[in-house]
Amino acid sequence: MLRTHTCGELRMNHVNSEITLCGWVQRSREMGGLTFIDLRDRYGITQLVFNQDVSPALCSEARKLGREFVVKARGKVAERSNKNPKMPTGDVEILVEELTVLNISKTPPFTIEDNTDGGEELRMKYRYLDLRRQVNKKNLELRHRLSFETRNYLDAQNFIDIETPYLIKSTPEGARDFVVPSRMNPGQFYALPQSPQTFKQLLMVAGFDRYYQIVRCFRDEDLRADRQPEFTQIDCEMSFVTQEDILNTFEGLARHLFRKVLNLETGDFPRMSYTDAMMLYGCDKPDIRFGMTFSDVTLLMKGKGFKVADDAELIAGIRADGCAEYSRKQLDELTDYVKRPQVGATGLLYIRYAADGSIKSSVDKFYTADDLAGILKQCGAAPGDLVMILAGQTEKTQKALCELRLEMGRRLGLMKAGEFKPLWVTDFPLLEWDEETKRFYAKHHPFTSPKPEDIALLDTDPGLVRANAYDLVINGVEIGGGSIRIHNKELQHKMFQVLGFTEEDAQNQFGFLMNAFEYGAPPHGGIAFGFDRWSMIFGGGDSIRDFIAFPKNNSGRDVMIDSPSEIKEEQLKELNIRLANQLK
RNA sequence: GGACUGGUAGUUCAGCUGGUUAGAAUGCCGCCCUGUCACGGCGGAGGUCGCGAGUUCGAGUCUCGUCCAGUCCGCCA
72 MLRTHTCGEL RMNHVNSEIT LCGWVQRSRE MGGLTFIDLR DRYGITQLVF NQDVSPALCS
132 EARKLGREFV VKARGKVAER SNKNPKMPTG DVEILVEELT VLNISKTPPF TIEDNTDGGE
192 ELRMKYRYLD LRRQVNKKNL ELRHRLSFET RNYLDAQNFI DIETPYLIKS TPEGARDFVV
252 PSRMNPGQFY ALPQSPQTFK QLLMVAGFDR YYQIVRCFRD EDLRADRQPE FTQIDCEMSF
312 VTQEDILNTF EGLARHLFRK VLNLETGDFP RMSYTDAMML YGCDKPDIRF GMTFSDVTLL
372 MKGKGFKVAD DAELIAGIRA DGCAEYSRKQ LDELTDYVKR PQVGATGLLY IRYAADGSIK
432 SSVDKFYTAD DLAGILKQCG AAPGDLVMIL AGQTEKTQKA LCELRLEMGR RLGLMKAGEF
492 KPLWVTDFPL LEWDEETKRF YAKHHPFTSP KPEDIALLDT DPGLVRANAY DLVINGVEIG
552 GGSIRIHNKE LQHKMFQVLG FTEEDAQNQF GFLMNAFEYG APPHGGIAFG FDRWSMIFGG
612 GDSIRDFIAF PKNNSGRDVM IDSPSEIKEE QLKELNIRLA NQLK
């Protein structure tokens with residue numbers, strides 16, 4: 072090693088030791104005859120001192136160092152006369168006796184500091200410089216801890232890590248596939264896996280009754296702050312289990328991670344049915360760090376001659392405690408908020424229940440004092456509270472009220488950083504009706520088993536069938552989800568039938584799985600967690616990009632290596648591909 | 001596919017109802033400074049106002065188009 076210590080470890084007990092450090096020049100401060108240099112590596116920062124009186128030659132060498140020069144310094148650890156309590160190494164400094172420049176550096180385009188002056192785009196272009204910043208290093212270290220502890224826990228539970236292929240087969244269900252041309256099979260393509268779903272089920276058939284993998288998945292869909300085209304899952308599957316076994320095993324994983332990585336003890340995770348989540352929070356991934364649940368006031372508001380209410384399928388409200396004194400301006404802001412196209416409400420009704428007991432609403436024209444009192448009671452309002460109500464089509468109203476609730480949560484500071492409220496959401500519907508194509512789609516995936524008591528409904532009312540499917544939600548973020556799978560060939564056939572697959576389609580796309588199921592498939596089920604999201608939640612971030620070493624931007628581009636990019640004509644030819652714009 | 005926000009010095013931003021030589025901070029360079037640690041002081045360099053049209057006597061500023069970035073909706077079994 073070129074060094075004897077790191078820049079983060081020297082303390083008072085090292086005073087007088089001869090040491091050698093290597094690192095990057097964070098910053099230098101020149102005081103005339105004295106030069107201070109902050110030397111940084113992965114572990115911290117240590118101050119080097121050069122004294123004009125002691126060694127003029129060394130001092131003038133030190134003055135030539137620029138930011139981010141890579142330097143080796145040999146010298147003696149000394150107690151500082153002026154200590155810096157803000158730094159872990161702030162009690163000591165290095166009296167440098169020998170200085171070697173290991174490499175020079177151009178001035179970086181932004182400052183390598185926690186509060187950098189660099190914008191997102193620039194930092195992504197120079198990601199290797201961005202990653203020198205403490206905040207990013209911390210995030211990647213956290214990610215490493217999570218991955219390490221996940222493996223620890225699962226290994227202790229007898230899970231084994233088995234790799235599955237990346238070059239697989241494209242299927243039309245679900246997300247859009249990334250596709251890879253096959254040179255050896257002209258005109259044919261592999262697809263990159265959206266998840267190892269079918270392979271892990273085949274591993275169950277093979278008898279590996281506890282499998283896991285921390286694995287890359289690929290989906291060619293539009294991106295978000297919490298979505299990347301390639302992302303990492305903790306993918307797990309178990310045989311001979313009930314839903315209860317899976318929830319317990321992976322609640323155990325979550326608790327283990329909370330304990331080992333964040334040093335937090337979390338009690339039993341609450342559970343909520345999908346139906347309740349929709350009724351109380353208007354979405355399937357509620358943030359339960361705060362209440363403000365929905366109250367259904369449909370029956371109380373209909374039939375009083377107020378057209379908006381009379382035409383509505385659902386009228387529901389939320390109660391903001393102590394907000395009765397919200398100004399007209401604040402209420403207008405909230406109205407504008409819910410009317411944004413992304414939220415989609417047509418308007419916002421409110422009832423102020425003033426501290427003195429008086430009631431004032433935006434719909435006084437249509438409702439008597441008794442009517443309003445009834446609504447307030449339904450919402451559990453006390454004097455001083457504000458009730459906000461949305462009306463309309465059920466799904467739209469739920470979604471908009473859900474957004475409004477979250478907005479109020481933000482405004483009132485109810486989503487506290489550092490507080491974690493995990494939740495299991497269970498009993499998801501098996502199928503989802505699509506208006507456009509006039510058919511059912513699997514809400515989770517086509518191998519999800521229906522609840523046994525609902526199987527009869529597959530023939531009569533498929534939309535009502537509930538699945539043995541579950542999601543883990545933390546603070547309103549969907550961290551993972553899974554299901555008990557179908558292991559019975561007939562039921563799987565039935566499922567494909569309901570999904571509108573012909574026998575041929577099913578055979579063509581999933582024949583390998585159906586065939587496997589004919590050779591003694593064990594009952595099995597599993598779950599997959601979004602590892603990037605989990606890192607983000609634990610790290611208190613709001614973008615998974617900050618927890619991925621080399622992420623892609625909003626349009627799926629890597630601005631550092633500038634990909635995707637065009638390929639040479641010869642490459643295309645070799646792959647038997649002609650571009651559409653060459654056909655013109 | 002759609003909505004919104006932004007693009008001005010290396011960087012982060014300001015720049016009003018269109019009007020003289022486009023500013024600040026920071027970074028960079030030079031000089032001074034022996035206990036700094038966001039050191040300090042003095043001086044200096046640094047601009048295709050994303051790009052292209054248009055309106056106008058005159059455009060960083062207004063209009064249209066376009067590109068890029070970000071947030072969101074659709075999408076993401």
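Numbering of the first sequence is given in this note's numbering, commencing with residue 72 and proceeding in unit increments.
Yeah, the Cβ is synthetic: ideal placement off N, Cα and C, and Gly gets one too.
Buried or exposed: where does residue i fall if 16 or more other Cβ atoms within 10 Å of its Cβ makes it buried?
| i | result |
| --- | --- |
| residue 306 | buried |
| residue 164 | buried |
| residue 102 | exposed |
| residue 334 | exposed |
| residue 470 | buried |
| residue 129 | buried |
| residue 310 | buried |
| residue 523 | exposed |
| residue 606 | buried |
| residue 521 | buried |
| residue 391 | buried |
With a CB to CB cut of under 6 Å and the five nearest residues on each side skipped, what residues in its chain are close to residue i?
| i | result |
| --- | --- |
| residue 383 | 462, 463 |
| residue 189 | 181 |
| residue 225 | 283 |
| residue 273 | 587 |
| residue 359 | 492, 494 |
| residue 654 | Residue placement at residue 654 is poorly supported in this model, since its pLDDT is 46, which falls under 50; the coordinates still yield a value, given next. Result list for residue 654: empty, nothing under 6 Å. |
| residue 415 | 467, 471 |
| residue 540 | 499, 515, 519, 554 |
Below 8 Å between beta carbons: does that hold for residue i and residue j?
| i | j | result |
| --- | --- | --- |
| residue 96 | residue 108 | yes |
| residue 379 | residue 422 | no |
| residue 324 | residue 221 | yes |
| residue 147 | residue 223 | no |
| residue 596 | residue 550 | no |
| residue 456 | residue 408 | no |
| residue 195 | residue 624 | yes |
| residue 534 | residue 584 | no |
| residue 363 | residue 355 | no |
| residue 615 | residue 232 | no |
| residue 517 | residue 244 | yes |
| residue 557 | residue 566 | yes |
| residue 314 | residue 281 | no |
| residue 592 | residue 266 | no |
Going by DSSP in three states, residue i sits in which element: helix, strand or coil?
| i | result |
| --- | --- |
| residue 469 | helix |
| residue 269 | helix |
| residue 252 | strand |
| residue 494 | strand |
| residue 372 | helix |
| residue 91 | strand |
| residue 458 | strand |
| residue 84 | helix |
| residue 207 | helix |
| residue 442 | helix |
| residue 610 | coil |
| residue 513 | strand |
| residue 284 | strand |
| residue 96 | strand |
| residue 651 | helix |
| residue 477 | helix |
| residue 264 | coil |
| residue 164 | strand |
Between residue i and the rest of its own chain, which residues show a CB-CB distance below 8 Å, the 5 nearest in sequence each way excluded?
| i | result |
| --- | --- |
| residue 135 | none |
| residue 500 | 345, 514, 534, 535, 536, 537, 538 |
| residue 410 | 416, 417, 418, 419 |
| residue 258 | 647 |
Only counting the same chain, and skipping five residues up and downstream in sequence, which positions put a Cβ closer than 7 Å to that of residue i?
| i | result |
| --- | --- |
| residue 111 | 78, 94, 95, 97 |
| residue 627 | 294, 300 |
| residue 610 | 210, 213, 618 |
| residue 395 | 423, 424, 425, 426, 455, 456, 457 |
| residue 393 | 455, 456 |
Check: Which ranges does the beta strand (DSSP E) cover as unbroken runs of at least 3 residues, wholly within the stretch 545-575, from first to last along the chain?
Finding: 548-555
Next item on the list: Let me know the beta strand (DSSP E) ranges lying completely inside the stretch 288-326, each 3 residues or longer, listed in chain order.
Entry: 301-310
Check: In the stretch 170-198, which residue ranges form an unbroken beta strand (DSSP E) of at least 3 residues, counting only runs that do not cross its ends?
Finding: none
Notebook entry, point to check: Where are the alpha helix (DSSP H) runs, 4 residues long or more, that stay fully inside the stretch 586-634, in chain order?
Noted result: 602-609
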